[in-house]
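Visitor: Dumping the structure here so I can ask a few things about it.
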Amino acid sequence: MVIETEVLIAGAGPVGAIGAVRLASMGIDVICCEQTDSFASDLRASTFHPVTVEMLDDVGVAQPLIDKGLKAPVYQWRDRRSGEHLNFDLGEVADATRFPFRLQCPQHHMAEMLTSHLPTLANAEMRFGTKLVGAREDGDGVIATVERDGKQEDIRAKFLIGADGSRSTVRKVMDVPFDGITYEEKFVSVSTPYPIETILTDIEYVNYIADPDEWLVLLRVPGLWRILIPAGPDTDNDELLSDVSVAAIFDRIVPGVAVETNFRKIYKVHQRVAGSFHKGRMLLVGDAAHLNNPLGGFGMNSGIHDVWNLADKLWSILRKDGDIEQLALFDRQRRGITNAFIQAQSIQNKEFMEHAPVESHAGRMDRMATIAADPALRREYLLKQAMITSLTDAAKIA
């Protein structure tokens, strides 16, 4: 027997989960499949930008997530060597958003809240331990094959959304390219409960610290400081995560202090965009559609913006007899803004952090100081970095 639904979502991370809840709340039948049995609780994305918090509020999870997280209205760009720093306060754009702050909270809390809520909706189903293994278009729908406990079954959906990450099965079935680069260096993430703010007394909850030898990101989440630094491509992974190496990282941040760590991980980082986010009735969102470096906190947020945009168009098609060509508009809007802003700005942020090229860094710092000192330029910058401008610009694409 073939199971039928209107929308099948592969992947129940933050992007797939919010897509499923929003579609279900719009009255659309949805099944969300997640190949794992539970969520990874490691520290992945942890920054929610203001417009993303607005979306979370619209599906009822903003306040519970705020209660679990930290509000970060101010973020800091800092030169590690000189100590010179510039603070940017999102409170200055409170007229443009209901939530003029970054919310610092590990992403798994949001996904857990949403997928726990999903089964309470009459037209929604959440399936853990269920992996998408194949799909094909079939007239006015998609036949997807899923596997659970070694057994396969087919689900027929009007539309299939791939929110299944960087190794997306949906993207492979669509046979679209995923062009871009993989950075040579590794990114090392460690965390500590040590109160770093008692030593570095002028930092904020979100800090981007530039240095040609070792830039770092210093982020606060409840109970922890998260640190992200680069490492050479040929450095042994076990050595990078050894007690000696991690102690040395913290000694360069808070010298002479013995710091406990409770999370250590190495990432390879990419800048890639799928050749299309749409092919027939199959669609890509989030990491399945695009990858970028984490400097700016755009990755998860832009994925949520993808699926929010797509949900509007699917609702129009399924409930208002809208033209299916709206899916091509989804592709133009979200892929367009991914290339024009998400990719470009995250690359620019990385160049600033690593002083690349070194001879240009002083000029970049001067430009940032000019922006910080000018109310109009500062507002423009805040709106861009808060992703408010990118949503507005995407909506203008016809």
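With the sequence shown counted from 1, adding 23 to any position gets you the numbering used here. For each residue, glycine too, the CB sits at the ideal point set by N, CA and C.
When you compare only the Cα positions, how much space is there between Asp-346 and Ala-158?
Guide: Mapped onto the sequence shown, residue 346 falls at position 323. Mapped onto the sequence shown, residue 158 falls at position 135. One C-alpha to the other measures close to 23 Å.
Visitor: Cβ atoms of Val-38 and Asp-335: under 8 Å apart, would you say?
Guide: Position 312 of the sequence shown, counting from 1, holds the residue named residue 335. Position 15 of the sequence shown, counting from 1, holds the residue named residue 38. Taking 8 Å as the Cβ cut-off, Asp-335 and Val-38 do not qualify as a contacting pair.
Visitor: Thr-205: which of Leu-93, Tyr-290, Gly-326 and Glu-57 sits nearest, CA to CA?
Guide: By 1-based counting over the sequence shown, the position of residue 205 is 182. The option with the nearest alpha carbon to Thr-205 is Tyr-290.
Visitor: How about Val-196 and Asp-187: do their beta carbons lie closer than 8 Å?
Guide: As a first step, residue 196 must be located in the sequence shown, where it is residue number 173. As a first step, residue 187 must be located in the sequence shown, where it is residue number 164. In this structure, Asp-187 does not lie closer than 8 Å to Val-196 by Cβ.
Visitor: If you drop the 5 nearest sequence neighbours on each side, which residues of the same chain put their C-beta closer than 6 Å to that of Ser-325?
Guide: In the sequence shown, the residue the question calls residue 325 occupies position 302. Only Ile-365 meet the Cβ criterion.
Visitor: Use the C-beta contact count for Asp-90: other C-beta atoms within 10 angstroms, 16 or more gives buried, fewer gives exposed.
Guide: Indexing the sequence shown from 1 puts residue 90 at position 67. Exposed, by the Cβ-count rule.
Visitor: I'd like to confirm the pairing. Which residues does DSSP put opposite Asp-112 in its beta bridges?
Guide: To locate residue 112, count along the sequence shown from 1; it is residue 89. Paired residue(s): Val-97.
Visitor: What are the partner residues of Met-305, as DSSP defines its beta bridges?
Guide: Residue numbering aside, residue 305 sits at position 282 when the sequence shown is read from its first letter. Note: Met-305 sits in a beta bridge opposite Leu-183 and Lys-302.
Visitor: Whether or not the region 309-324 and the region 292-299 are in contact is what I'm after, with contact meaning three or more pairs of Cβ atoms, one per stretch, closer than 8 Å; do they touch?
Guide: yes
Visitor: Kindly list the residues whose CB is nearer than 6 Å to the CB of Phe-71, restricted to its own chain and excluding five residues on each side of it in sequence; keep chain order.
Guide: Your numbering for residue 71 matches position 48 in the sequence shown. Leu-126.
Visitor: In chain order, what residues of the same chain lie with their CB nearer than 6 Å to the CB of Val-282, ignoring the 5 residues before and after it?
Guide: By one-based count along the sequence shown, residue 282 stands at place 259. So the qualifying residues of the chain are Thr-215, Tyr-217 and Phe-273.
Visitor: What is the DSSP secondary structure of Gly-92, counted as helix, strand or coil?
Guide: On the sequence shown, residue 92 is found 69 positions in, with the first residue counted as 1. Note: Gly-92 maps to coil in three-state DSSP.
Visitor: Asn-146: which of Trp-248, Val-30 and Met-388 sits nearest, CA to CA?
Guide: Your numbering for residue 146 matches position 123 in the sequence shown. Closest in C-alpha terms to Asn-146, from the list Trp-248, Val-30 and Met-388, comes Val-30.
Visitor: Go to Tyr-404, then tell me how far its alpha helix (DSSP H) extends in each direction, as first and last residue.
Guide: Translated into the one-based positions of the sequence shown, residue 404 becomes position 381. Note, Tyr-404: alpha helix (DSSP H), 398-408.
Visitor: Looking at Ala-233: is its Cβ nearer than 8 Å to the Cβ of Thr-28?
Guide: Numbered from its first residue, the sequence shown carries residue 233 at position 210. Numbered from its first residue, the sequence shown carries residue 28 at position 5. No, Cβ-Cβ distance for Ala-233 and Thr-28 is not below 8 Å.
Visitor: Phe-151 bridges to which residues according to DSSP?
Guide: For the purposes of this step, residue 151 is taken as residue 128 along the sequence shown, with counting starting at 1. Phe-151 is bridged to Glu-57.
Visitor: Using a Cβ-Cβ cutoff of less than 7 Å, which residues in the same chain neighbour Pro-123 once the five nearest sequence positions on both sides are dropped?
Guide: For the purposes of this step, residue 123 is taken as residue 100 along the sequence shown, with counting starting at 1. Cβ within range, chain order: Pro-73, Pro-96, Leu-113, Gly-114, Val-116 and Ala-117.
Visitor: For Glu-27, write down the residues that DSSP places opposite it in a beta bridge.
Guide: Sequence index remark: in the sequence shown, residue 27 carries index 4 (1-based). Arg-179.
Visitor: From what residue to what residue does the alpha helix (DSSP H) around Ile-411 run?
Guide: To locate residue 411, count along the sequence shown from 1; it is residue 388. Ile-411 -> alpha helix (DSSP H) spans 411-419.
Visitor: For Lys-409 and Val-25, what's the separation of their Cα atoms in angstroms?
Guide: The residue given as residue 409 occupies position 386 in the sequence shown. The residue given as residue 25 occupies position 2 in the sequence shown. The sequence given here has Ala at residue 409, not Lys. Between Ala-409 and Val-25, the C-alpha separation is close to 44 Å.
Visitor: Name the two residues that bound the continuous alpha helix (DSSP H) containing Gln-422.
Guide: Here the chain comprises residues numbered 24 to 421, so residue 422 is not present and cannot be evaluated.
Visitor: If I follow the unbroken beta strand (DSSP E) through Ala-281, where does it start and stop?
Guide: To locate residue 281, count along the sequence shown from 1; it is residue 258. Ala-281 -> no beta strand (DSSP E), and no H or E assigned at all.
Visitor: By Cβ distance, which residues of its chain are closer than 8 Å to Asp-416, with the 5 residues on each side in sequence left out?
Guide: Walking along the sequence shown from the start, residue 416 turns up at place 393. Cβ within range, chain order: Ile-360, Ala-363 and Phe-364.
Visitor: To the nearest angstrom, how far is the alpha carbon of Leu-400 from that of Arg-387?
Guide: Here the question's residue 400 lines up with position 377 in the sequence shown. Here the question's residue 387 lines up with position 364 in the sequence shown. Cα to Cα, Leu-400 sits roughly 15 Å from Arg-387.
Visitor: Does DSSP put Ile-222 in a helix, in a strand, or in coil?
Guide: Within the sequence shown, the letter at position 199 stands for residue 222. Coil.
Visitor: Grouping DSSP H, G and I as helix and E and B as strand, with all else coil, what is Gly-173?
Guide: As a working mapping, residue 173 is identified with position 150 in the sequence shown. Three-state DSSP puts Gly-173 in coil, outside helix and strand.
Visitor: Does DSSP put Ser-212 in a helix, in a strand, or in coil?
Guide: Looking up residue 212 in the sequence shown gives position 189. Looking at Ser-212 - three-state DSSP - the assignment turns out to be strand.
Visitor: Considering Asp-202, what are the terminal residues of the beta strand (DSSP E) in which it resides?
Guide: Along the sequence shown, read from residue 1 onward, the residue named residue 202 stands at position 179. Taken as a continuous stretch (DSSP letters only), the beta strand (DSSP E) holding Asp-202 covers 201-205.
Visitor: Which residue from Met-376, Ala-392 and Asp-397 puts its Cα closest to that of Asp-236?
Guide: Taking the first residue of the sequence shown as 1, we reach residue 236 at position 213. Closest by alpha carbon: Met-376.
Visitor: In whole angstroms, give me the CA-to-CA distance for Gly-479 and Lys-343.
Guide: There is simply no residue 479 to check, as the chain begins at 24 and stops at 421 in what is shown.
Visitor: DSSP beta-bridge partners for Asn-230?
Guide: The count along the sequence shown starts at 1 and reaches residue 230 at position 207. DSSP output for Asn-230 lists Gln-99 and Leu-241 as bridge partner(s).
Visitor: Using DSSP with H/G/I as helix, E/B as strand and the rest coil, what is Phe-364?
Guide: Reading the sequence shown from its first residue, position 341 is the one you call residue 364. Note: Phe-364 maps to helix in three-state DSSP.
Visitor: Based on DSSP bridge pairs, tell me the residues matched to Thr-143.
Guide: Numbered from 1 along the sequence shown, position 120 holds the residue referred to as residue 143. In the DSSP output, where bridge partners are listed per residue, Thr-143 has none listed.
Visitor: Looking at Met-133: is its Cβ nearer than 8 Å to the Cβ of Val-76?
Guide: Taking the first residue of the sequence shown as position 1, residue 133 is located at position 110. Taking the first residue of the sequence shown as position 1, residue 76 is located at position 53. No.
Visitor: If you measure between the beta carbons of Met-305 and Val-156, is that distance less than 8 Å?
Guide: For this step, residue 305 is matched to residue 282 along the sequence shown. For this step, residue 156 is matched to residue 133 along the sequence shown. Their beta carbons are not under 8 Å apart, which means Met-305 does not touch Val-156 by this criterion.
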